[in-house]
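Colleague: In the order they appear, the protein sequences are chains Y and V. Be aware that the first sequence starts at 735, since it is given in this note's numbering, and climbs by one per residue. Be aware that the second sequence starts at 735, since it is given in this note's numbering, and climbs by one per residue. All residues carry an ideal CB built from backbone N, CA and C; glycine is no exception.
Protein chains: 2
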Amino acid sequence: MTAIKDNNLSASLEDYLEAIFNLAGASNVARSKDIAKSLGVARSSVTGALRVLKKKGLANYRPYDYVTLTKAGQDIAAEVVRKHNIITSFFVNVLGVETDIAQQAACRAEHTLGPEVISKLLCFIGFVNKNSKNGYDLADEFKRFCKSRPQNNSFSGKQMSSTVGLDEVKPGQKCKIVRIIGRSGVNKRIADMGVVPGTILEVQRVAPLGDPIDVKLKGYRLSLRKEEASKIMVELGQSE
Amino acid sequence: MTAIKDNNLSASLEDYLEAIFNLAGASNVARSKDIAKSLGVARSSVTGALRVLKKKGLANYRPYDYVTLTKAGQDIAAEVVRKHNIITSFFVNVLGVETDIAQQAACRAEHTLGPEVISKLLCFIGFVNKNSKNGYDLADEFKRFCKSRPQNNSFSGKQMSSTVGLDEVKPGQKCKIVRIIGRSGVNKRIADMGVVPGTILEVQRVAPLGDPIDVKLKGYRLSLRKEEASKIMVELGQSE
DNA sequence: TGACAAAGTTAGGTATAACTAACTATACTA
DNA sequence: TAGTATAGTTAGTTATACCTAACTTTGTCA
Ligand SMILES: [Mn+2]
Ligand SMILES: [Mn+2]
Ligand SMILES: [Mn+2]
Ligand SMILES: [Mn+2]
Numbered sequence: 735m736t737a738i739k740d741n742n743l744s745a746s747l748e749d750y751l752e753a754i755f756n757l758a759g760a761s762n763v764a765r766s767k768d769i770a771k772s773l774g775v776a777r778s779s780v781t782g783a784l785r786v787l788k789k790k791g792l793a794n795y796r797p798y799d800y801v802t803l804t805k806a807g808q809d810i811a812a813e814v815v816r817k818h819n820i821i822t823s824f825f826v827n828v829l830g831v832e833t834d835i836a837q838q839a840a841c842r843a844e845h846t847l848g849p850e851v852i853s854k855l856l857c858f859i860g861f862v863n864k865n866s867k868n869g870y871d872l873a874d875e876f877k878r879f880c881k882s883r884p885q886n887n888s889f890s891g892k893q894m895s896s897t898v899g900l901d902e903v904k905p906g907q908k909c910k911i912v913r914i915i916g917r918s919g920v921n922k923r924i925a926d927m928g929v930v931p932g933t934i935l936e937v938q939r940v941a942p943l944g945d946p947i948d949v950k951l952k953g954y955r956l957s958l959r960k961e962e963a964s965k966i967m968v969e970l971g972q973s974e
Numbered sequence: 735m736t737a738i739k740d741n742n743l744s745a746s747l748e749d750y751l752e753a754i755f756n757l758a759g760a761s762n763v764a765r766s767k768d769i770a771k772s773l774g775v776a777r778s779s780v781t782g783a784l785r786v787l788k789k790k791g792l793a794n795y796r797p798y799d800y801v802t803l804t805k806a807g808q809d810i811a812a813e814v815v816r817k818h819n820i821i822t823s824f825f826v827n828v829l830g831v832e833t834d835i836a837q838q839a840a841c842r843a844e845h846t847l848g849p850e851v852i853s854k855l856l857c858f859i860g861f862v863n864k865n866s867k868n869g870y871d872l873a874d875e876f877k878r879f880c881k882s883r884p885q886n887n888s889f890s891g892k893q894m895s896s897t898v899g900l901d902e903v904k905p906g907q908k909c910k911i912v913r914i915i916g917r918s919g920v921n922k923r924i925a926d927m928g929v930v931p932g933t934i935l936e937v938q939r940v941a942p943l944g945d946p947i948d949v950k951l952k953g954y955r956l957s958l959r960k961e962e963a964s965k966i967m968v969e970l971g972q973s974e
């Protein structure tokens with residue numbers, strides 16, 4: 735029933751609504767100058783945004799007048815603020831992120847997280863609170879866990895072997911050919927010389943503008959144009 | 735040391751890097767057409783983005799050629815993908831969000847969450863996993879908790895009394911004046927008549943274009959211009 | 001080989017969201 | 001009530017990120 739409708743507003747416009755809503759606070763009005771300050775934009779940018787919000791029926795705006803939100807505007811603003819608070823609460827009270835950082839991140843993320851995620855997040859906060867009442871302070875436990883393993887910077891995503899184009903290898907470095915891109919035109923020429931995947935080669939000299947590149951492989955010496963080299967994907971050796 | 739530097743890229747450019755990185759997968763090359771498809775943009779948009787990425791030294795791009803990422807481009811792309819995966823993992827495995835939705839939300843949020851939040855999130859996933867090995871399956875417990883209280887749609891943020899401008903009130907509705915905005919010019923005239931905060935009034939008739947608005951208050955009848963009415967903030971009565 | 005389809009680019013356009021500089025309205029104060 | 005400071009607007013510009021339509025290059029296959 736009372737579902738929050740797709741507001742379809744840009745992050746920027748949502749932030750204007752949020753700022754107006756927050757500034758209005760007790761007085762229900764916001765001044766252009768304060769909106770500008772709170773969003774860190776020029777006053778003229780606020781004028782422009784207000785015109786758009788008015789056209790969308792979200793703000794009551796007349797030039798040189800105070801600004802208020804329409805009912806529709808208030809509803810959207812309240813929803814943005816709600817998301818902001820839920821996300822912030824999770825970051826601070828569950829994850830233990832520093833308040834300032836959490837606020838900033840939340841005010842960016844609030845525009846990207848849909849109702850499914852937000853409702854789960856809210857529920858999760860409730861879950862943590864309930865547990866803490868039952869004697870198991872999850873947030874506290876987590877804080878202790880964090881300290882015990884200070885930085886775990888890896889994540890088991892797909893591991894990428896760091897392959898680069900031969901044109902990016904510096905002189906003196908050895909590397910192994912992983913793959914040669916394309917088979918027609920200039921590249922055909924390369925492939926036809928013994929340059930095949932698996933070959934180890936060493937970059938000898940690179941001309942000032944990266945063209946040409948001299949490499950040594952299988953005893954031969956070869957001069958490659960940068961354009962050609964860029965199509966030879968290599969894996970760096972552990973030299974250097 | 736090996737700190738990921740501020741890449742300072744727009745969300746859009748990060749997504750291009752991410753798409754190229756993912757498409758490259760085994761072959762290390764990506765084709766424009768596939769980048770376009772995976773991001774849902776026109777082919778010409780890809781050309782534009784590639785030019786920018788090249789200028790920034792992140793992609794090896796020559797017109798009509800395959801695309802590869804430079805080392806710098808790969809590093810940033812890998813970081814974006816890492817964030818994407820961490821966020822997705824949290825949404826799916828901890829919060830229990832549906833996979834598709836989680837992926838979409840993660841691919842938006844990955845551009846807004848900084849290293850502090852991401853590292854805590856990663857740590858939290860580890861925390862949940864460790865507990866589950868120790869017999870306490872937090873994610874599972876949470877799932878059960880979610881079901882037990884289906885929808886808790888409120889959040890203890892600041893509660894806003896729903897005040898609107900008098901110009902938004904429909905005929906027949908009663909409301910209470912909460913505040914009158916401004917004191918000079920036309921508004922002074924209003925304030926000078928017994929129209930003060932606390933007064934209960936009822937909207938009687940609204941002309942076709944919302945101007946003028948006839949209201950009844952304290953036995954009097956008053957005709958207000960829309961401009962004036964918009965400055966009278968009221969709280970709606972429970973009629974209608 | 002050469003015709004054709006597919007891939008890629010260019011040109012030209014729109015929308016959003018900023019900015020600065022210059023102007024105008026409003027509010028305060030003497 | 002005039003004069004000034006402040007607030008707000010307008011005009012004109014920039015940058016990003018898309019789009020469609022038309023054109024060019026490339027790869028394929030008869
Ligand atoms: Mn916010
Ligand atoms: Mn925000
Ligand atoms: Mn992503
Ligand atoms: Mn993304």
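#1: I'd like the list of long-range same chain contacts for V/Glu936, defined as Cβ closer than 6 Å, with 5 residues on each side in sequence excluded.
#2: Hey, is V/Asp768 close to ligand 3, as in C-beta under 8 Å from one of its heavy atoms?
#3: Tell me whether V/Asp901 is buried or exposed, calling it buried when 16 or more other Cβ atoms sit within 10 Å of its Cβ.
#4: I'd like to know whether the C-beta of Y/Cys909 is nearer than 9 Å to at least one C-beta of chain V.
#5: Listed in chain order, which residues of the segment 750 to 763 of chain V have Cβ atoms closer than 9 Å to some Cβ of chain Y?
#6: Which residue or residues does DSSP assign as beta-bridge partners of Y/Ala764?
#7: When you compare only the Cα positions, how much space is there between V/Glu748 and V/Val814?
#8: Alpha carbon to alpha carbon, what distance is there between Y/Ala811 and Y/Cys841?
#9: If you reduce the DSSP assignment to three classes, tell me which class Y/Gln938 lands in.
#10: Which residue marks the beginning of the alpha helix (DSSP H) containing V/Arg842, and which one marks its end?
#11: With distances taken from each beta carbon to the nearest heavy atom of ligand 3, which residues come in below 7 Å, in chain order?
#12: So, are the CB atoms of V/Glu844 and V/Ile821 less than 9 Å apart?
#13: Under 9 Å, Cβ to Cβ, is there at least one residue of chain Y near V/Gly906?
#14: Using 10 angstroms around the beta-carbon of Y/Gly953, count the other beta-carbons present and answer buried if the total reaches 16, otherwise exposed.
#15: Say yes only if the C-beta of Y/Gly745 is nearer than 8 Å to one or more non-hydrogen atoms of ligand 2, and no if none qualify.
#16: By the DSSP assignment, the beta strand (DSSP E) with Y/Val903 in it spans what residues?
#17: Assuming V/Leu784 is part of the alpha helix (DSSP H), what are its boundary residues?
#18: Decide if Y/Leu847 is buried, meaning its Cβ has at least 16 other Cβ atoms within 10 Å, or exposed.
#19: Between the C-alpha atoms of V/Gly759 and Y/Gly944, what's the straight-line distance to the nearest angstrom?
#20: When the cut-off is 9 Å and only beta carbons count, does V/Lys867 lie next to chain Y?
#21: Name the residues in the segment 934 to 952 of chain V whose C-beta lies less than 8 Å from a C-beta of chain Y; which are they?
#22: Residues in its own chain within less than 7 Å of Y/Val826 by CB, not counting five upstream and five downstream?
#23: Quick one: residues in its chain with C-beta nearer than 7 Å to the C-beta of V/Val831, no 5 flanking neighbours on either side, listed in chain order?
Modeller: Reading from the atomic positions:
#1: Hits under 6 Å: Lys908 and Lys950.
#2: In this structure, the C-beta of V/Asp768 stays at least 8 Å away from each heavy atom of ligand 3.
#3: When all chains shown are included, V/Asp901 counts as buried.
#4: no
#5: Phe755, Asn756, Ala758, Gly759, Ala760, Ser761, Asn762 and Val763
#6: Y/Val801
#7: 7 Å
#8: 13 Å
#9: Three-state DSSP puts Y/Gln938 in a strand.
#10: Thr833 to Ala843
#11: V/Asp749, V/Glu752, V/Val814, V/Val815, V/His818, V/Ala840, V/Cys841 and V/Glu844
#12: If you check the CB distance, V/Glu844 and V/Ile821 come in under 9 Å.
#13: no
#14: Under this definition Y/Gly953 is an exposed residue.
#15: The sequence given here places Ala at residue 745 of chain Y; Gly does not occur at that position. Result yes, Cβ under 8 Å from ligand 2.
#16: From DSSP, Y/Val903 is part of no beta strand (DSSP E); its letter is neither H nor E.
#17: Arg777 to Lys789
#18: buried
#19: 27 Å
#20: no
#21: Per Cβ criterion, the list is empty.
#22: Thr833 and Ala836
#23: Same-chain partners within the cutoff: Phe825.
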